[in-house]
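If you're matching them up, the sequences are chains P and W in order. Number 21 in our numbering belongs to position 21 of the first sequence; there are no gaps in the numbering. Number 164 in our numbering belongs to position 164 of the second sequence; there are no gaps in the numbering. The beta-carbon is built from N, C-alpha and C at its ideal position, and this holds for glycine as well. Please read all numbers here as calculations on a predicted model, not as lab measurements. Since the structure comes first, as structure tokens, the remarks are kept for the end.
2 protein chains.
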Amino acid sequence: MLYPLPAVMVSVADGQGRPNIFTVAWTGTVCSNPPMVSISVRPERYSYHCIEETGEFVINLTTEKLALAADFCGVKSGREVDKFEAMGLTAAPSVEVRPPQIGESPVSLECRVEQTVPLGSHTMFVARVVSVSVDERWLDGTGRFHLEQAKPVVYSHGTYYGLGEAIGTFGYSVAKKRTKKRQK
Amino acid sequence: MLYPLPAVMVSVADGQGRPNIFTVAWTGTVCSNPPMVSISVRPERYSYHCIEETGEFVINLTTEKLALAADFCGVKSGREVDKFEAMGLTAAPSVEVRPPQIGESPVSLECRVEQTVPLGSHTMFVARVVSVSVDERWLDGTGRFHLEQAKPVVYSHGTYYGLGEAIGTFGYSVAKKRTKKRQK
Chain P
1 MLYPLPAVMV SVADGQGRPN IFTVAWTGTV CSNPPMVSIS VRPERYSYHC IEETGEFVIN
61 LTTEKLALAA DFCGVKSGRE VDKFEAMGLT AAPSVEVRPP QIGESPVSLE CRVEQTVPLG
121 SHTMFVARVV SVSVDERWLD GTGRFHLEQA KPVVYSHGTY YGLGEAIGTF GYSVAKKRTK
181 KRQK
Chain W
1 MLYPLPAVMV SVADGQGRPN IFTVAWTGTV CSNPPMVSIS VRPERYSYHC IEETGEFVIN
61 LTTEKLALAA DFCGVKSGRE VDKFEAMGLT AAPSVEVRPP QIGESPVSLE CRVEQTVPLG
121 SHTMFVARVV SVSVDERWLD GTGRFHLEQA KPVVYSHGTY YGLGEAIGTF GYSVAKKRTK
181 KRQK
């Protein structure tokens, strides 16, 4: 009911270091300082136990190019298939955590679980972001990151969408009024 | 770092029933059954105390038409201005909670706080969705809701965007393969 949402690919590893990917839309930022995120996962999902075991996961943002892989990783279980191999994705080493990053993702957030909150069908993992990797292709000369150029994907009521037109930037409602006043 | 996100207008009421609106991007779905959402709010924000006091809030989804109001409600404080009045928004009565809904929003989720989790700069309110109101204009003949027709807004790195092209529907990565097999 709360849409549109990001559809992120979460990479995990089991106790033996065997990696897996699954896709979640039940995710969000929950704190700015320290940087914290949450993901909610059904306990019957294969990757749930990897997160419980290691206390670590990586959130990899999804682009239009990665949408098919994101969908596949949301539908298929790691019990049946090696999703890195099936989707031709690169398991790149992470900086701070054991689960690998997805090399093709423009942004990967390495996370360490701080709280596990059972809520019903889903358990919420509240996690600290301990390292962030970004694809330098989307950095401009001033070090500003342009995720929009990587064509991120959002998920709404069962459909994946690209980003549309830019409508305004934070504060534009007030900036407009100031401009009008100046013109008087 | 985790983007794009929804930018929702949250309506609250203080102990005297005086309503306010503020905008958050730190929100998400955290459980399907029971339906639960979270919002993260800085304790110094005016509306924080309303939620603490009443344990209730309403999440109102934002559309392209409402983007200017959403931005205004994110920038301005309820201490200074009546945002319903300033933005010409309708405070419509809710079904289960005291804070009003925003009449112009296509979807309003009435929420009751179940857990308050202090995390640092932000406190996360984990809440049960106790009632959902949708604008019937976006229901089709079969009762299916078409949020995309209401032109929802997402927020990414300081900019509001509309939805772009539909890329695929959940399961399309697998459906494709099945079709191919049938053609053999």
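ask   = Thinking just about the alpha-carbon of each residue, which of P:Thr63, P:Gly74, P:Ser47 is nearest to the one in Gln149 of chain P?
value = P:Thr63
ask   = So, is the C-beta of Trp138 of chain P closer than 8 Å to a C-beta in chain W?
value = no
query = Using a Cβ-Cβ cut-off of 6 Å (strictly less than) and excluding sequence neighbours within five positions of Val113 of chain P, which residues of its own chain qualify?
reply = Gly55, Phe125, Ala127
inquiry  = Between Gly143 of chain W and chain P, is the shortest Cβ-Cβ distance under 8 Å, so that the two count as touching?
reply    = no
ask   = Under the DSSP definition of a beta bridge, which residues are partnered with Val37 of chain P?
value = P:Thr29, P:Ala127
request  = Specify, as a first and last residue, the run of the alpha helix (DSSP H) that Phe72 of chain W falls within.
outcome  = 67-75
query = Does the region 158-174 of chain W come close enough to the region 68-87 of chain P to have 3 or more Cβ pairs within less than 8 Å?
reply = yes
ask   = Cβ atoms of Ile102 of chain W and Met1 of chain W: under 8 Å apart, would you say?
value = no
ask   = Of all the CB atoms in chain P, is at least one closer than 8 Å to the CB of Cys31 of chain W?
value = yes
Pick from P:Gly78, P:Val30, P:Leu89, P:Phe72 that is closest to Gly120 of chain W, judged by C-alpha positions = P:Val30
query = In chain P, what lies closer than 7 Å to Ile167 of chain W by C-beta?
reply = Glu64, Ala67, Val153, Tyr160, Tyr161, Gly162
query = Who are Glu56 of chain P's beta bridge partners in DSSP?
reply = P:Arg112
inquiry  = For Ala86 of chain W, report the span of its alpha helix (DSSP H) as first-last.
reply    = 83-87
request  = Excluding the 5 residues preceding and the 5 following Ile21 of chain P in the sequence, name in chain order all residues of the same chain whose CB lies nearer than 6 Å to its CB.
outcome  = Met9, Ser11, Cys73, Lys83
query = Going straight from the alpha carbon of Val37 of chain W to that of Gln115 of chain P, what length do you get?
reply = 16 Å
request  = State the beta-bridge partners of Thr62 of chain W as determined by DSSP.
outcome  = Thr62 of chain W pairs with nothing; no bridge assigned.
query = Just to confirm, does Gly158 of chain W get its C-beta within under 7 Å of one of the non-hydrogen atoms of the ligand SAM?
reply = Among the ligands in the structure shown, none appear at all, so the ligand SAM cannot be discussed.
ask   = Are there 16 or more other CB atoms within 10 angstroms of the CB of Val95 of chain W, so buried, or fewer, so exposed?
value = exposed
query = Can Ala92 of chain P and Pro100 of chain P be called in contact, C-beta distance under 8 Å?
reply = yes
request  = Using a cut-off of 8 Å between C-beta atoms, extract the partners of Thr116 of chain W located in chain P.
outcome  = The premise fails here: Thr116 of chain W is roughly 12 Å from chain P at the closest Cβ pair, so nothing lies under 8 Å.
ask   = If you draw a straight line from the alpha carbon of Gln183 of chain W to that of Gln16 of chain P, how long is it in whole angstroms?
value = Here Gln183 of chain W scores only 48 on pLDDT, less than 50, and its place in the model should not be relied on; the value that follows carries that caveat. Approximately 40 Å between the Cα atoms of the pair.
For Arg18 of chain P, the nearest candidate out of P:Cys50, P:Val75, P:Cys111 (CA to CA) = P:Cys50
inquiry  = Based on DSSP bridge pairs, tell me the residues matched to Gly168 of chain P.
reply    = W:Tyr160
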